[in-house]
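In my numbering, the protein residues as written are 166 to 1100. Report on one structure; see the data block that follows.
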Ligand code: GAL
């Protein structure tokens, strides 16, 4: 959780000096994609020879002696192995004098044990960069032999680039972007969050149609004018992926995962004044099977702290509520643990003061502790009772704050504010999920964090807007499938009262998309899991951890249980206040993942719910993933087809790659929205479920594949990639909320189909619905609970009208009408007043009306946009899963009558004017006020 800035007041002089500075580095990067080799510091080691298929033991110590060879005829050139087993590689290089010789290994796979001149340097598991300092093993005056034993996993074992670097004095060609003198004047200027993959063309055969290249980012960092002894941290919230970082030509490190952040203490490498930060990344090998973009796509910042400070993510606060009483207020005990660091050379007298503040900022409880703090680290724990506290829930998301202040003597040295919630969560085998003692059915959705127009680079307001959309149809829970989301996401869920299943999917090491049976948990993924838990454990919105997703090879085997227990132990040690689950599919064996987690998590397999429950008596139960219904928004044309003879019959247009928006399209493992919800609603012991998915996302266009069909994004969403609702939105809204709903579909523009029977569906929570065509009743039907109504209506142009009635309250009327052709463009922003902070945005819906001001649901007009004033178009989209038009553009054609154009402010107040024009139609103009943030 982001630390907030504190101020100190010295004596009577109110001199505001921040004790912990947070400086955004989001603006002003230089960027370039690279298609080929780049120059890195140091000397590349060439001339590797290899030997594979070895059956007996190989003496690595002997092999790494200069001049050593084993049966030279068995060695071949190169350094990669075939699948499985071991390969042994070696190379020799001349000696030379270096201050701090290091070997840098880039992109090796998967397990490498490295020896130099008979000395074992270490063993590394994973694909990310690793470094060994060579110390005394390096011979400045003689040949040096490097030998590596590589174990491959499911994929080929390989040794990537290996470089010999003098860490204290790295040789850098001027052509290397890590070199401060490198000229990047020709590079593009960009701000982060930035996804460069979404800027590309969709022109490739494959899941999402985008090509991916390596890229570089560079930026000057001005060293903060820090007091002597202060520490400076460089923090990246998310870089996709396989990233490496250099400061002034010195390697800071690398990171494999694209979903968990990376941070460095750069104090000792920071020079006064300007410093050059260079980052390279390569999203070429995907971490998952969906669109995951590429770039520095989350926030970057510097944090400056006093030498005596709270450790990074070092605050952990949780509350126990023995009796939640009325579910609104109750006595509670707040447990606080704070990790402190003293980075000075001397012992200090330190006082730590803890205060719990209510939502208005009033102190509810306080405590403090003084200690003699030797250089190093320590941990303090406190327990603060509260006689009466407002409880956090999905209905009343009340946030308290723990303020932790660290005094070095009398001087305020650090201050961290940590928002948290006081609530009681229980997963129960009979009653499902209880929040503050009251049953709450998890009406959840799974997501992937990408959106039309921006890809993975989602500004905070867009994250918030998406959550608002999900709440609007009754979603109360989100599963972070299948990875850590942005810090903004969790903060917003805390504030908006959304329950979260946080997830880490990666088993094994090296971030494979799926693991093997003999996988080991590598230090890379374990470090990332620890980081995710430490970062997220204070969020009251998170009510459960999911430790895996569908690891086919191991999930139903004892090995899967063993692996999950490693995660569970880690999570319990770092958190311990929430239960764990694992998303398992198929089998659900008694000795696999389900046996090792607290709550059984099932993906799909509705017919097995009761059977699997009986297999795990006494264990609570959640449907981690369900439904996977497929639809192109607003598309109702087509016919039944099968992708393959044994696969389910779908309805749509196979060649064009569209699936009908009538319910009932789902893959073999899925279910309809209706069957999915009824399976939960009928089982009170279920904690709830998570529908796949809330929004469509780029990639995974099941069941279609290019080039046979042009599809490039998924069809699973209740909302499309832009956030426009599909018809199932109203099914969920009808049964997940108490709001009256009456929704009739399809549209009523079917020229040429006069007299042909068209299925007309109604989603509603009214007790009865009567349908009329051009004023003539087609019958009144009573609505079955958690279901829908359907009429077969011979088409005649005109007005299709539904009237809903209920004994409990007033009824509703709704209609769809045959429209004329488009006459004018309309722009509908979600908000008209924005913050002029360079980040805030208006999500603007684009549509067209006919002469009688009726929305034309079949329109496909191309609309062009222009902006005047201090704003910019963030991207465009229309929710068409087959659309190949670019997302970074100032025009878009409508799909089923809609497109989207989010407009973002600049850091300048004023009026933003957005104009939308389309050939032959009256244009539209909308004005947005960009207002200066209040001081
Ligand atoms: C699941 C998987 C998801 C997604 C979904 C599509 O098996 O966990 O990531 O692929 O299927 O239906």
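C-beta: ideal position from N, C-alpha, C; glycine also. In this text, all values refer to a predicted model and were calculated from it rather than measured experimentally.
Residue i (DSSP reduced to helix, strand or coil)
{"i": "residue 638", "result": "coil"}
{"i": "residue 238", "result": "With a pLDDT of only 47 at residue 238, under the threshold of 50, the placement of this residue in the model should not be trusted; the figure read from the coordinates follows. Reduced to three states, the DSSP call for residue 238 is helix."}
{"i": "residue 654", "result": "helix"}
{"i": "residue 172", "result": "Its pLDDT being 34, under 50, residue 172 is placed unreliably in this model, and the value from its coordinates should be taken loosely. Residue state, collapsed to three classes: strand."}
{"i": "residue 759", "result": "helix"}
{"i": "residue 926", "result": "strand"}
{"i": "residue 893", "result": "helix"}
{"i": "residue 587", "result": "coil"}
{"i": "residue 324", "result": "coil"}
{"i": "residue 1099", "result": "coil"}
{"i": "residue 660", "result": "helix"}
{"i": "residue 699", "result": "helix"}
{"i": "residue 841", "result": "helix"}
{"i": "residue 1008", "result": "coil"}
{"i": "residue 388", "result": "coil"}
{"i": "residue 719", "result": "coil"}
{"i": "residue 495", "result": "strand"}
{"i": "residue 285", "result": "strand"}
{"i": "residue 593", "result": "strand"}
{"i": "residue 846", "result": "helix"}
{"i": "residue 1062", "result": "coil"}
{"i": "residue 1087", "result": "strand"}
Bridge partners - residue i, DSSP secondary structure assignment
{"i": "residue 979", "result": "967"}
{"i": "residue 1092", "result": "1078"}
{"i": "residue 945", "result": "935"}
{"i": "residue 160", "result": "Look at the range of the chain in this structure, 166 to 1100, and you will see that residue 160 is not part of it."}
{"i": "residue 185", "result": "470"}
{"i": "residue 507", "result": "473 and 541"}
{"i": "residue 606", "result": "Note: residue 606 sits in no beta bridge, so no partner."}
{"i": "residue 957", "result": "924"}
{"i": "residue 297", "result": "268"}
{"i": "residue 707", "result": "665"}
{"i": "residue 1072", "result": "Answer is none; residue 1072 lacks a bridge partner."}
{"i": "residue 567", "result": "521 and 583"}
{"i": "residue 331", "result": "266"}
{"i": "residue 530", "result": "521"}
{"i": "residue 400", "result": "428 and 466"}
{"i": "residue 557", "result": "562"}
Burial state of residue i (16 or more Cβ within 10 Å)
{"i": "residue 603", "result": "exposed"}
{"i": "residue 582", "result": "buried"}
{"i": "residue 334", "result": "exposed"}
{"i": "residue 671", "result": "buried"}
{"i": "residue 809", "result": "exposed"}
{"i": "residue 973", "result": "exposed"}
{"i": "residue 651", "result": "buried"}
{"i": "residue 1049", "result": "exposed"}
{"i": "residue 956", "result": "buried"}
{"i": "residue 569", "result": "buried"}
{"i": "residue 467", "result": "buried"}
Cβ-Cβ separation, residue j to residue i (assumed contact under 8 angstroms), whole Å
{"i": "residue 615", "j": "residue 863", "result": "5 angstroms"}
{"i": "residue 793", "j": "residue 831", "result": "6 angstroms"}
{"i": "residue 879", "j": "residue 861", "result": "5 angstroms"}
{"i": "residue 769", "j": "residue 834", "result": "5 angstroms"}
{"i": "residue 524", "j": "residue 563", "result": "6 angstroms"}
{"i": "residue 1116", "j": "residue 555", "result": "With the chain represented from 166 up to 1100, any question about residue 1116 goes unanswered, as that position is not in the structure."}
{"i": "residue 514", "j": "residue 535", "result": "7 angstroms"}
{"i": "residue 990", "j": "residue 1088", "result": "6 angstroms"}
{"i": "residue 594", "j": "residue 855", "result": "Contact flag wrong, Cβ pair sits at about 19 angstroms."}
{"i": "residue 365", "j": "residue 376", "result": "6 angstroms"}
8 angstroms Cβ cutoff, residue i in contact with chain B
{"i": "residue 688", "result": "Here chain B cannot be found, since the structure has a single protein chain."}
Could you pull out every unbroken beta strand (DSSP E) segment of at least 3 residues lying fully inside the region 191-232, listed in chain order? 194-199 and 214-217
Can you give, in chain order, each stretch of the beta strand (DSSP E) that sits fully within the region 427-473 and has at least 3 residues? 427-430, 439-446 and 465-470
At 3 residues or longer, what runs of the beta strand (DSSP E) sit wholly inside the region 732-779? 745-749 and 764-768
Please go through the region 786-838 and give each complete beta strand (DSSP E) segment of 3 or more residues, from N-terminal end onward. 786-792, 804-806 and 815-818
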